[in-house]
DNA sequence: GGACCAGATGTGACCGGTAACATAGCCATG
DNA sequence: CATGGCTATGTTACCGGTCACATCTGGTCC
């Protein structure tokens, strides 16, 4: 039978609907015999309790909302997977709003929809968030535990989770410097992404730490994080700074694109030019050469975000926002060569 | 104020709750003046309508459920993204249940939870579904529009969407044969995945079409789809069939792993051994050599699944299940060489 | 001027659960 | 044997919307 309700079950089992409710929720004090009768009725009627009604009455939805950029991006997908796993472990469902690149006001739409659905926590993983001064996000923070992922917006009351991009960039650059490289270029992601700016800062930190002075000609920004951008950026770099010996690319795809461009010009990696990436996507380890890169623990980011929300919901204290930085460790593989004082060509 | 209800708004605007409801839903026949007063009250009270209450009363949740294997798998993430985009276009939200590899009865749990949440449609994208004879899935199909993705279970009443794996495998193999290869090995995914079996069938079709007889020694199954498996499989193949000139790997990662293993033995790709993959993951195009592969349109799969559900919900006819196969076209790049009658070495 | 109609608004029930309290039956206890 | 307390179950209100229908107002028409 379709759409049996708790009262239908009650009638069939000749008890009150409240007793059925007790059975469903495994409550105390129901006779074994009554319980069996109720369970029998449930099975016969193919009764499935309504989470909707339950939510309305209990004021709990057991739902977390996550607004992210397009899930087809590997790293956000990882974060979603992490958040989902952690949420589920704690008995929450995750509803996702995946924002397509290009659409205008989607974040607001999603935020509103999630608020309407009475999510008990919100994870906002949208870099380049245009909601900074927006009342809607502040509103959300005021109502429910909110975690901002990889955002530079400082929203009092919200928790923040991010990769330590600056340190990652610094370590990558310092590593190149430690291999005696002196002309180290960098290919950055879009500079309206906070993570791109942080990695660039880290790059400068690394240079400074090695006593190398910065050179604007060695910084090549891209409009996206993709392969083609990396390819073109490398081409431009080779025009403007033909003597470079190393490139720190802010994503693995940028790095692979750059390597492709280098090869197209007959240069070898790492013998002629060393390359370091950022991300550690699955293929990096099997690429030829295996890519030395900074690993982003995005799954952990998602997990942590969900955990923070769970903790906050549990303690229900209106603590002020915390800030968490996850380390992005350098993974050393084979795309960097040591210069050993010998200049190239 | 937290948790204002429609009646709070009504009181404040000095109208009935029903008038507020009308304003919210943009209904006819409300005076401009009344509307303004209501909207003002809504703003002052920071009222956010409850989708939960609305769902209970209207019996509509505007929600689709999607059960998939781990979203961190690139291809399922693509499918999720596609489904999400299409669902949203039609005014639905997507709730996802991402099943971690290894856990036992998660599919059932998720299915039940989604039924409880009264999703209006269900997308089940779980290869190796253990729910074949399960009443729960049949139950779901009986209640709501259901689409099975990449599953070989034949469930009457459910729609099916899949990649035409067999044809993809056939085309990959036929292409190798057309380049004069005669000893063509294949590295398969886990053979309990329907897609792996279908690709293997396609491989055999391709051989047969070229008049090449099958050789069991040239078929190397793996326990997963990953790089390491590809590497090991290639090693085994080179032991058992040292004269092979081509490998059709059932995933790009398997292919890349195989290439790594070939290189480790000093063999060149494609000069010594040609390799074709399956998937077309983003790095395949930039790999060295650029990988010739069969592209899986997973995003389209997700979109189609959501569209089918939307259509069905709209027409509400209890049509019997349809079956859709999406073509997986061969993308020719640089990892296959033409033999031209010259045998290798 | 009364009947009629349409537009604007209000009333009460209902969706399917949960929560708080009420009640009935039973046993122990002094 | 009356009292009390515990257990099993029932009763009723309530969560926050929507829906069907009722009511009120003013204008039009004959």
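Chains as they are written, first to last, in the numbering used here: chain Y, 249 to 593; chain E, 249 to 593.
Just so it is clear, CB atoms sit at the ideal spot from N, CA and C, and this is done for glycine as well.
In this text, all values refer to a predicted model and were calculated from it rather than measured experimentally.
- Between residue 450 (chain E) and residue 414 (chain E), which are expected to be in contact by the criterion C-beta below 8 Å, what is the C-beta distance as a whole number of angstroms? 4 Å
- Task: Assuming residue 553 (chain E) contacts residue 524 (chain E) (C-beta within less than 8 Å), just tell me the rounded distance between them.
- Result: About 28 Å separates the two Cβ atoms, so there is no contact after all.
Closer than 7 Å between beta carbons: that is the criterion. Which residues of the segment 316-335 of chain Y meet it against chain E?
Hits within the stretch, in order: 318, 319, 320, 322, 325, 326, 328, 329, 332, 333.
If you reduce the DSSP assignment to three classes, tell me which class residue 399 (chain E) lands in. coil
Cutoff 8 Å; reference residue 484 (chain Y); Cβ partners in own chain excluding five residues on either side:
468
In chain E, what lies closer than 7 Å to residue 387 (chain Y) by C-beta? 294
Cα-Cα separation, residue 593 (chain Y) to residue 515 (chain E)
Here residue 593 (chain Y) scores only 47 on pLDDT, less than 50, and its place in the model should not be relied on; the value that follows carries that caveat. Those two C-alpha atoms are separated by around 28 Å.
Point to revise | For residue 266 (chain E) and residue 286 (chain E), the rounded distance between their alpha carbons | key: 11 Å
Can you tell me whether residue 442 (chain E) is helix, strand or coil according to DSSP? helix
- Message: Helix, strand or coil for residue 287 (chain E)? Go by DSSP, reduced to three states.
- Response: helix
Q. What are the start and end residues of the beta strand (DSSP E) that includes residue 540 (chain E)?
A. 540-543
Whose C-beta lies closer than 8 Å to the C-beta of residue 537 (chain E) among residues of the same chain, with five residues either side of it excluded? The beta carbon of residue 537 (chain E) is closer than 8 Å to those of 517, 518, 581, 582, 583 in its chain, skipping five residues each way along the sequence.
**Item:** Assigned secondary structure, residue 345 (chain Y) (DSSP; H/G/I helix, E/B strand, else coil)
**Value:** Residue state for residue 345 (chain Y) is assigned as strand, using DSSP reduced to three classes.
Please list, in chain order, all residues of the same chain as residue 405 (chain Y) whose beta carbon is under 8 Å from its beta carbon, the five residues on each side excluded. 389, 390, 394, 566, 568, 569
Query - For residue 550 (chain Y) and residue 373 (chain Y), the rounded distance between their alpha carbons - result: C-alpha of residue 373 (chain Y) to C-alpha of residue 550 (chain Y): approximately 9 Å in a straight line.
Quiz item: Sorted by chain position, which residues of the same chain lie with C-beta nearer than 7 Å to residue 429 (chain Y)'s C-beta, five sequence neighbours on each side aside?
Solution: Correct list, in chain order: 493, 494, 522, 587.
inquiry  = Output needed in chain order: residues of the segment 410-441 of chain Y with a Cβ under 9 Å from some Cβ in chain E.
reply    = none
Specify, as a first and last residue, the run of the beta strand (DSSP E) that residue 468 (chain Y) falls within. Its beta strand (DSSP E) spans residues 467-469.
Next item on the list: Would you identify the three-state DSSP class for residue 256 (chain Y), choosing helix, strand or coil?
Entry: helix
- Query: CB-CB under 8 Å to residue 361 (chain E), same chain, minus the five flanking residues each way: which ones, in chain order?
  - Reply: 345
- Query: Beta-carbon separation of residue 623 (chain E) and residue 432 (chain E) under 8 Å?
  - Reply: Residue 623 (chain E) lies beyond the range of chain E shown here (249 to 593); nothing can be said about it.
Item to check | DSSP state of residue 323 (chain Y) mapped onto helix, strand, coil | outcome: helix
query: DSSP beta-bridge partners for residue 311 (chain E)?
result: E:341
Excluding the five sequence neighbours on either side, which residues of its own chain have a C-beta within less than 6 Å of the C-beta of residue 303 (chain Y), listed in chain order?
-> 309
Chain-order list of residues whose beta-carbon lies under 8 Å from that of residue 318 (chain Y) (same chain, five-residue window excluded): 324, 346, 347, 348, 349
Min CB distance residue 501 (chain Y) to chain E below 8 Å
yes
| task | Could you name the residues that DSSP lists as bridge partners for residue 316 (chain Y)? | result | BP columns for residue 316 (chain Y) point to Y:346, Y:373.
Around the Cβ of residue 334 (chain Y), are there at least 16 other Cβ atoms within 10 angstroms (buried) or fewer (exposed)? Result: buried.
Same chain only: Cβ atoms within 6 Å of residue 436 (chain E), ignoring 5 sequence neighbours per side = 444, 448, 469, 498
Review point. Would you say residue 297 (chain E) faces chain Y, with C-beta separation under 8 Å as the test?
Key: Flagged as an interface residue toward chain Y: residue 297 (chain E), by a C-beta distance shorter than 8 Å.
- Along the chain, where does the beta strand (DSSP E) that runs through residue 572 (chain E) open and close? 571-574
- With distances taken Cα to Cα, identify the nearest neighbour of residue 548 (chain Y) among Y:332, Y:459, Y:276. Y:332
CB contact check: residue 508 (chain E) to chain Y, cutoff 8 Å: yes
Quiz prompt | Counted within 10 angstroms of its Cβ, other Cβ atoms place residue 419 (chain Y) as buried (16 or more) or exposed | solution = buried
- Query: In chain Y, which residues lie with their C-beta within 7 Å of the C-beta of residue 505 (chain E)?
  - Reply: 534
| Contacts around residue 270 (chain E), its chain only, beta-carbon distance under 6 Å, and the 5 residues preceding and following it disregarded | 278
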